[in-house]
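**Student:** Sharing a structure here in structure tokens format.
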Amino acid sequence: MKYSEIREILNSHGIQLTKSLGQNFLHDANQLEKIAAAARLTPEDQVLEIGPGLGPLTELLIRSNAKVLAVELDSRLIPILSERFQGIENFELRHGDGVVLMKEDRDWQEWKLVANLPYSVASVMLVDAALNPRCFKRIVVTLQWEVVNRIAAAAGTEDYGLLSLLLQLRYNVLDHFKIKRGAFFPPPDVDSGVITLERRSEELLSAELRPLFVKIVKLGFSQRRKMMKKLLKSQWSETVLTDAFQRLGLSDDIRAEKVTLEQFALLTQIINSTL
Ligand code: SAM
18 MKYSEIREIL NSHGIQLTKS LGQNFLHDAN QLEKIAAAAR LTPEDQVLEI
68 GPGLGPLTEL LIRSNAKVLA VELDSRLIPI LSERFQGIEN FELRHGDGVV
118 LMKEDRDWQE WKLVANLPYS VASVMLVDAA LNPRCFKRIV VTLQWEVVNR
168 IAAAAGTEDY GLLSLLLQLR YNVLDHFKIK RGAFFPPPDV DSGVITLERR
218 SEELLSAELR PLFVKIVKLG FSQRRKMMKK LLKSQWSETV LTDAFQRLGL
268 SDDIRAEKVT LEQFALLTQI INSTL
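58 is the number that our numbering gives to position 41 of the sequence shown; each next residue is one higher, with no gaps.
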């Protein structure tokens, strides 16, 4: 979908794009192809696209012959999309809110999520998607570049934090690449990028222990400059924490940003065994 086509469709329908809905439409054919390729779709796949916009990515997803479900919040775009993809068997369009959908207790295990997400709600949607016990098998999403870096970050780096841990608990980061601002209409105020996540074949923690992991990580990062043990003391006793830190080889003055995902997972198991 070319830049001129996007403008023409919007003009002919009298649509002014809405900033709060993150309506920066991608018109660079190469980038769209790269996103679709990263999804590795086959006709056996089921794919969810949140925010199809005018459908440039949707078109490529449909072409793979995968079963495509697109959920768009902006009611003005629904008739345009319905007309564009009318009669296509492997396509279903729903008017709805992706934020609400990601909070629902659904089984996405056999699904892939592929989307150019509305940036203001992208992190919330991804965290909810990753916390779902039956989460997507692959996620390929366009986000602010800063958020891409936070998801992919390793312990000890500035970008490492809650988002890295909540996503990496369930997913391996396979790849990420930058997209220049000019690839969008209108160009966003920030840089963007695409990240590909693949669900871990072996879970690091069982579903029952994940809420405790989230609690520990949230508390550990609640004040970044403070020592993690001190922060955790508001919930667990000195004895439990001293023993757990010793068993993991963590110094008493360590900050959460230096603690690896595997150490957080083990800490969760040790603390849980004392409850
Ligand atoms: N996929 C299109 C593209 O690549 O050009 C549009 C992407 S645009 C960044 C984000 C899209 O998400 C817009 O179409 C916007 O209307 C839609 N959107 C915003 N908030 C949404 C939500 N909560 N649920 C579903 N769609 C949403």
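Positions of the beta carbon are idealized from the N, C-alpha and C atoms, including for glycine.
Does the beta carbon of Gly4 fall short of 7 Å from some heavy atom of ligand 1?
**Tutor:** Coverage of the chain is limited to positions 18 through 292, which leaves residue 4 absent and any answer about it impossible.
**Student:** Quick test of the definition: if touching needs 3 or more C-beta pairs under 8 Å, does the region 221-237 touch the region 188-207?
**Tutor:** no
**Student:** Once you ignore the five residues that flank Ser140 on each side, which residues in its own chain have a CB closer than 7 Å to its CB?
**Tutor:** Val164, Leu180
**Student:** Just the C-alpha distance for Ile168 and Asp208, rounded to the nearest angstrom, thanks.
**Tutor:** 15 Å
**Student:** Find the nearest neighbour of Asp62 within the set Val85, Asn47, Pro96, judged by alpha-carbon distance.
**Tutor:** Val85
**Student:** Flag Pro203 as yes when its Cβ comes closer than 7 Å to any non-hydrogen atom of ligand 1, and as no otherwise.
**Tutor:** no
**Student:** Can you say whether Ile155 is buried or exposed, counting buried as having 16 or more other CB atoms within 10 angstroms of its CB?
**Tutor:** First, the amino acid is wrong: residue 155 is Arg here, not Ile. It counts as buried.
**Student:** So, for Lys243: in the same chain, excluding its five sequence neighbours on each side, which residues have a beta-carbon less than 8 Å away from its beta-carbon?
**Tutor:** Around Lys243, the same chain offers Arg272 as residues with beta carbons nearer than 8 Å, after the five sequence neighbours per side are excluded.
**Student:** Name the residue from Asp176, Pro203, Val276 whose alpha carbon lies nearest to the alpha carbon of Leu38.
**Tutor:** Pro203
**Student:** For a test of the three-state rule: what should DSSP assign to Phe13, helix, strand or coil?
**Tutor:** There is no way to answer for residue 13, as the model of the chain reaches only from 18 to 292.
**Student:** Among residues of its own chain, excluding the 5 on either side of Asn149, which ones have a beta-carbon nearer than 8 Å to its beta-carbon?
**Tutor:** Met119, Asp122, Arg123, Trp125
**Student:** What separation, rounded to the nearest whole angstrom, lies between the Cα atoms of Leu186 and Ala83?
**Tutor:** In this structure, the straight-line span from the alpha carbon of Leu186 to that of Ala83 is close to 27 Å.
**Student:** Roughly how many whole angstroms lie between the Cα atoms of Asp270 and Glu255?
**Tutor:** 13 Å
**Student:** According to DSSP, is Asp260 helix, strand or coil?
**Tutor:** helix
**Student:** Please give the ranges of any alpha helix (DSSP H) in the region 236-290, keeping only runs that are unbroken, at least 4 residues long and fully inside the region.
**Tutor:** Correct list: 245-249, 255-265, 278-290.
**Student:** DSSP three-state call for Trp162: helix, strand or coil?
**Tutor:** In the three-state DSSP reduction, Trp162 falls in the helix class (H, G or I).
**Student:** The beta strand (DSSP E) with Gln63 in it runs from where to where?
**Tutor:** Unbroken beta strand (DSSP E) run through Gln63: 63-67.
**Student:** Tell me where the beta strand (DSSP E) around Glu215 begins and ends.
**Tutor:** 209-216
**Student:** Give a yes or no on whether the C-beta atoms belonging to Leu49 and Glu66 are separated by under 8 Å.
**Tutor:** no
**Student:** Using a threshold of 8 Å, state whether the C-beta atoms of Pro69 and Met18 are closer than that.
**Tutor:** no
**Student:** Give the list of continuous alpha helix (DSSP H) stretches no shorter than 4 residues that lie fully inside the region 102-129.
**Tutor:** Within the region 102-129, the complete alpha helix (DSSP H) runs of at least 4 residues are 115-120.
**Student:** Report yes if the CB atom of Val157 is closer than 8 Å to the CB atom of Thr75, and no otherwise.
**Tutor:** no
**Student:** May I ask you to report which of helix, strand or coil DSSP gives Leu148?
**Tutor:** helix
**Student:** Assuming the contact rule is C-beta atoms closer than 8 Å, Leu94 and Leu143 should be a hit. Round their C-beta distance to whole Å, please.
**Tutor:** Contact doesn't hold; Cβ gap of about 22 Å is too wide.
**Student:** DSSP on Asn189, reduced to helix/strand/coil?
**Tutor:** strand
**Student:** Hey, would you say the C-beta of Phe102 is under 7 Å away from at least one heavy atom of ligand 3?
**Tutor:** Among the ligands present in this structure, namely ligand 1, ligand 3 is not found.
**Student:** According to the Cβ coordinates, are Val116 and Leu182 closer than 8 Å?
**Tutor:** For Val116 and Leu182, no; Cβs fall outside 8 Å.
**Student:** Nearest CA to the CA of Ser21: which residue from Leu43, Thr35, Lys36?
**Tutor:** Leu43
**Student:** Let me confirm a value: Ile288 is counted as buried when at least 16 other C-beta atoms fall within 10 Å, else exposed. Which label applies?
**Tutor:** Answer is buried; the Cβ neighbour count reaches 16.
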